[in-house]
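All residue numbers for the sequence shown refer to the numbering used here, where the first residue is 198 and numbers rise by one.
Glycine included, each C-beta is placed from N, C-alpha and C at the ideal position.
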Amino acid sequence: MDLQLKKQVFCVGGVTSGLGRAVAVRLLAEGAEVIGIARGLAKLEAMAAEMGDNFTPYAADLTDATAVKNLGQHLVRANITGCVFNAGGPPTGRIEELEMKDWDQAYASTFRWKVQLTEALLPSLRKAKYGRLLFIESVSIKQPIDNLVLSNAMRAAVAGFVKTLSREAGEDGITANIIAPGYHATPRITSVLHKAAEMQGLSFEETEAGFTAETSTKKLGTPADFADMAAFLLSPQARYITGQTITVDGGLVRHITG
Numbered sequence: 198m199d200l201q202l203k204k205q206v207f208c209v210g211g212v213t214s215g216l217g218r219a220v221a222v223r224l225l226a227e228g229a230e231v232i233g234i235a236r237g238l239a240k241l242e243a244m245a246a247e248m249g250d251n252f253t254p255y256a257a258d259l260t261d262a263t264a265v266k267n268l269g270q271h272l273v274r275a276n277i278t279g280c281v282f283n284a285g286g287p288p289t290g291r292i293e294e295l296e297m298k299d300w301d302q303a304y305a306s307t308f309r310w311k312v313q314l315t316e317a318l319l320p321s322l323r324k325a326k327y328g329r330l331l332f333i334e335s336v337s338i339k340q341p342i343d344n345l346v347l348s349n350a351m352r353a354a355v356a357g358f359v360k361t362l363s364r365e366a367g368e369d370g371i372t373a374n375i376i377a378p379g380y381h382a383t384p385r386i387t388s389v390l391h392k393a394a395e396m397q398g399l400s401f402e403e404t405e406a407g408f409t410a411e412t413s414t415k416k417l418g419t420p421a422d423f424a425d426m427a428a429f430l431l432s433p434q435a436r437y438i439t440g441q442t443i444t445v446d447g448g449l450v451r452h453i454t455g
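Laid out in structure tokens, this is it:
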């Protein structure tokens with residue numbers, strides 16, 4: 198299927214590793230142009246050398262409001278078609294292990310910048326009568342994950358924001374969706390598995406086996422599995438899909454609506 202992404206311009210957050218990198222690679226394979234966002238300039242430049250002319254690196258700390266403001270202005274000038282909102286998740290931990298500063302930091306890293314960047318992009322997308330806004334979150338929106346209370350709470354807030362955004366922007370040809378990964382082979386899941394292994398007194402391998410046993414496929418997903426769905430949701434073919442939280446989780450979530 199031709200996703201009709203050739204020469205469209207997307208920004209992708211968290212682009213130098215994991216799911217963000219996989220989405221960028223998939224978009225580039227479709228002929229799209231990608232503005233890749235991450236904190237580390239060296240990794241961005243290395244990725245640019247690898248990916249070619251259709252990849253433009255942009256270093257920014259998304260927890261810094263001034264940096265997000267500058268990024269928004271840059272993306273508007275670039276006439277982007279859509280944005281993949283993605284950054285590292287908040288630390289693992291149980292309620293009693295956390296302090297209020299941890300909640301404040303989670304708000305900044307998981308929620309606030311997404312609202313600020315959305316507000317910066319909306320006027321130009323409304324004018325173009327087209328846009329794709331895709332938020333990479335977590336299955337914790339549908340099924341809270343143990344030892345991840347910060348993620349469980351903040352990503353639920355993002356879900357409320359995105360559903361409202363889809364209602365307010367849909368008439369202008371703008372879709373807003375969440376794609377929710379389960380257990381994929383990324384640095385993030387590795388940190389979660391190490392934390393769980395420590396708490397349970399198990400080996401990493403035993404913990405991974407326990408996690409994958411919860412899925413229907415009995416295995417971790419790959420970033421490429423995830424990127425295929427992301428590319429579709431960013432395409433013109435997904436024009437009638439908006440306000441949704443779509444899980445890519447190998448059957449992890451057991452709610453009958455997925």
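If we count the other Cβ atoms within 10 Å of its Cβ and call it buried at 16 or more, is residue i buried or exposed?
i: Asp343; result: exposed
i: His381; result: buried
i: Glu247; result: exposed
i: Lys311; result: buried
i: Arg274; result: exposed
i: Arg166; result: Limits of the chain in this structure are 198 at one end and 455 at the other, which puts residue 166 out of reach.
i: Thr387; result: exposed
i: Gln205; result: buried
i: Ala262; result: exposed
i: Leu238; result: exposed
i: Ile234; result: buried
Excluding five sequence neighbours on each side, which residues of the same chain lie with their C-beta closer than 7 Å to the C-beta of residue i?
i: Gly448; result: Thr412, Ser413 and Thr414
i: Ala219; result: Pro420, Ala421, Phe423 and Ala424
i: Gly455; result: Thr444
i: Ala353; result: Ile338
i: Leu225; result: Val231, Met248, Asn251 and Phe252
i: Ile438; result: Thr372, Asn374 and Leu430
i: Asn349; result: Ser337, Pro341 and Ile342
i: His452; result: Lys339 and Gln340
What is the DSSP secondary structure of residue i, counted as helix, strand or coil?
i: Leu362; result: helix
i: Arg291; result: coil
i: Gly328; result: strand
i: Val212; result: coil
i: Ile338; result: helix
i: Ala373; result: strand
i: Asp217; result: It should be pointed out that residue 217 corresponds to Gly in this sequence rather than to Asp. Three-state DSSP puts Gly217 in a helix.
i: Gly357; result: helix
i: Ala256; result: strand
i: Glu230; result: strand
i: Ala481; result: Outside the modelled stretch of the chain, which goes from 198 to 455, sits residue 481, for which no answer is possible.
i: Ala235; result: strand
i: Leu200; result: coil
i: His391; result: helix
i: Thr278; result: coil
In chain order, what residues of the same chain have a beta carbon less than 6 Å from the beta carbon of residue i, not counting five sequence neighbours either side?
i: Arg236; result: Asp258
i: Pro433; result: Gln201
i: Gly370; result: Lys326 and Tyr327
i: Leu362; result: Ala373
Quick one: what's got a C-beta closer than 8 Å to residue i's C-beta in the same chain, skipping five residues either side?
i: Val336; result: Ile342, Ala377, Pro378, Gly379, Thr444, Asp446, Leu449 and Val450
Whole angstroms is fine: what's the gap from residue i's alpha carbon to residue j's?
i: Gly228; j: Ala393; result: 40 Å
i: Gly290; j: Arg385; result: 14 Å
i: Lys240; j: Thr409; result: 31 Å
i: Ala427; j: Leu345; result: 24 Å
i: Asp199; j: Glu230; result: 16 Å
i: His271; j: Tyr304; result: 24 Å
i: Ile277; j: Glu395; result: 43 Å
i: Met351; j: Ser306; result: 9 Å
i: Lys266; j: Ala406; result: 43 Å
i: Glu294; j: Gln397; result: 16 Å
i: Glu296; j: Leu347; result: 11 Å
i: Leu390; j: Pro288; result: 13 Å
i: Lys203; j: Ala256; result: 24 Å
_Contact between the region 296 to 303 and the region 314 to 333 (3+ Cβ pairs under 8 Å)_ = no
*asked:* Pairs of beta-carbons, one from the region 321 to 339 and one from the region 278 to 285, closer than 8 Å: are there three or more?
replied: yes
*Hey, is the region 392 to 406 in contact with the region 352 to 366, meaning 3+ C-beta pairs nearer than 8 Å?*
no
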